[in-house]
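Novice: Numbering-wise (this note's numbering), the sequence shown opens with residue 547 and increments by one.
Backbone N, C-alpha and C define an ideal beta-carbon position, used for all residues, glycine too.
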Amino acid sequence: MLQDLFQRYLQYCSVIRNYSDVTLEGYKQTWRLFAKESGIQYPEDLSRHVFENWFFNGRLNRKWSSATFRHYHKYLNTFLSWLLKEGHIPENFIVGMEKPKLEQRIPKTLSKEEAKLVLDASYHMSYAYTFERYRNRAVVGIMLFAGLRRYEVMRLRLNDVDISNKTIFINQGKGAKDRMVPMSNTLITIVSDYLRDRRRLKKQSIYFFTAVQKDEPLGVRCINNMMARLRKTTRLKFSSHTLRHAFARLMLEGGCDIYTLSKIMGHSKITTTTIYLSCSTQQMSKSIEMHSLN
Numbered sequence: 547m548l549q550d551l552f553q554r555y556l557q558y559c560s561v562i563r564n565y566s567d568v569t570l571e572g573y574k575q576t577w578r579l580f581a582k583e584s585g586i587q588y589p590e591d592l593s594r595h596v597f598e599n600w601f602f603n604g605r606l607n608r609k610w611s612s613a614t615f616r617h618y619h620k621y622l623n624t625f626l627s628w629l630l631k632e633g634h635i636p637e638n639f640i641v642g643m644e645k646p647k648l649e650q651r652i653p654k655t656l657s658k659e660e661a662k663l664v665l666d667a668s669y670h671m672s673y674a675y676t677f678e679r680y681r682n683r684a685v686v687g688i689m690l691f692a693g694l695r696r697y698e699v700m701r702l703r704l705n706d707v708d709i710s711n712k713t714i715f716i717n718q719g720k721g722a723k724d725r726m727v728p729m730s731n732t733l734i735t736i737v738s739d740y741l742r743d744r745r746r747l748k749k750q751s752i753y754f755f756t757a758v759q760k761d762e763p764l765g766v767r768c769i770n771n772m773m774a775r776l777r778k779t780t781r782l783k784f785s786s787h788t789l790r791h792a793f794a795r796l797m798l799e800g801g802c803d804i805y806t807l808s809k810i811m812g813h814s815k816i817t818t819t820t821i822y823l824s825c826s827t828q829q830m831s832k833s834i835e836m837h838s839l840n
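(1) Going by other Cβ atoms of all chains shown within 10 Å of its Cβ, with 16 needed for buried, is valine 727 buried or exposed?
(2) In the DSSP assignment, find the unbroken alpha helix (DSSP H) run with isoleucine 709 in it and report its ends.
(3) Quick one: what's got a C-beta closer than 8 Å to glycine 693's C-beta in the same chain, skipping five residues either side?
(4) According to DSSP, simplified to helix, strand and coil, what is valine 758?
(5) Near valine 758, what residues of its chain come up, given a Cβ to Cβ distance below 7 Å and the 5 sequence neighbours on each side ignored?
(6) Do you know how far the Cα of isoleucine 562 is from the Cα of leucine 622?
(7) Bridge partners of proline 763, per DSSP?
(8) Buried or exposed: methionine 547, going by 16 or more other Cβ atoms within 10 Å of its Cβ?
(9) On the three-pair Cβ rule with 8 Å, is the stretch 644-664 touching the stretch 745-762?
(10) Check for me: the beta strand (DSSP E) holding arginine 725 runs from which residue to which?
(11) In the DSSP output, what is arginine 703 paired with across the bridge?
(12) Counting only C-beta atoms, is valine 596 closer than 8 Å to chain B at any point?
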């Protein structure tokens, strides 16, 4: 059955290809959706017609964005390539399938004032535990002052954060790449406050951020709930990834060059970073004044 083959493929991706948990979850979500909506259980029932119908239905009736379409296509394409290589199907049925052009959208971000409002709210909201106050401010601080992704925050280990050298080590970030992120003095203060309270509670977890009452690592649900409370308190619309976008915008507005920013954010291509130039009207206003006729 296809489900059994998919489980074997996941093992291959994990053990041989060394894909991250985030990438593996993307494969799982895509396959669950396709399997549920197509109802197909056996490889011999797969065809180009089946996939075309599924993709067209998603685009036309479920209003998938171009990014969503291409996201699903990428995951299914690699799975089908593996099925073909293993001899379970006669061809990769979606090779050559046209994909919609990506929309050029400006990332949702926060202004300097809005970012400060979120950071202040993360500390001043009501909490049942002091530890939660310091931890949540440190989570928001690391996203706003270092630009970490949500899963990078969750996977941080205690020895990844080096206060003395002012660095955060990101182990196997997106694209299975390591990187070193510098910490500002403001972030060091925020992180040090959290570590002090963590030591007070004698937390033993190897993970940097932990649950309040247990030594378990911080989970997705906890961070999502944190962001939901912050949205309600600040009356701003944002997600944890918006804080990463805000980091990029504020770094550019502060004068950081695009190459350095791309390295800090862990982008494999500098073109990914350049999209943040369109977020900062302040930066563009400064640049326009450089016109030689001014």
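Specialist: This is what the structure gives:
(1) For this step, residue 727 is matched to residue 181 along the sequence shown. Burial call: buried.
(2) Mapped onto the sequence shown, residue 709 falls at position 163. Annotation: isoleucine 709 is outside any alpha helix (DSSP H) and is labelled neither H nor E by DSSP.
(3) Taking the sequence shown and counting its residues from 1, the one referred to as residue 693 is at position 147. Counting only Cβ-Cβ distances below 8 Å, and skipping sequence neighbours, we find Val727, Arg790, Phe793, Ala794, Met797, Ile810, Met811.
(4) In the sequence shown, the residue the question calls residue 758 occupies position 212. Note: valine 758 maps to coil in three-state DSSP.
(5) Here residue 758 refers to the residue found at position 212 when the sequence shown is read from its first residue. Listed in chain order, the non-local C-beta contacts of valine 758 below 7 Å within the same chain comprise Tyr675, Phe677, Glu678, local neighbours out to five positions each way being set aside.
(6) Position 76 of the sequence shown, counted from the start, is the residue given in the question as residue 622. Position 16 of the sequence shown, counted from the start, is the residue given in the question as residue 562. Each residue's alpha carbon lies about 18 Å from the other.
(7) What you label residue 763 is simply residue 217 of the sequence shown in a count that begins at 1. Looking at the DSSP assignment, proline 763 forms a beta bridge with Thr756.
(8) In the sequence shown, residue 547 corresponds to position 1, counting from 1. That one is exposed.
(9) no
(10) Numbered from 1 along the sequence shown, position 179 holds the residue referred to as residue 725. Where arginine 725 is concerned, the enclosing beta strand (DSSP E) stretches over 725-728.
(11) Taking the sequence shown and counting its residues from 1, one reaches residue 703 at position 157. According to DSSP, arginine 703 shares a beta bridge with Tyr753.
(12) Among the chains of the structure shown, chain B does not appear; only one protein chain is present.
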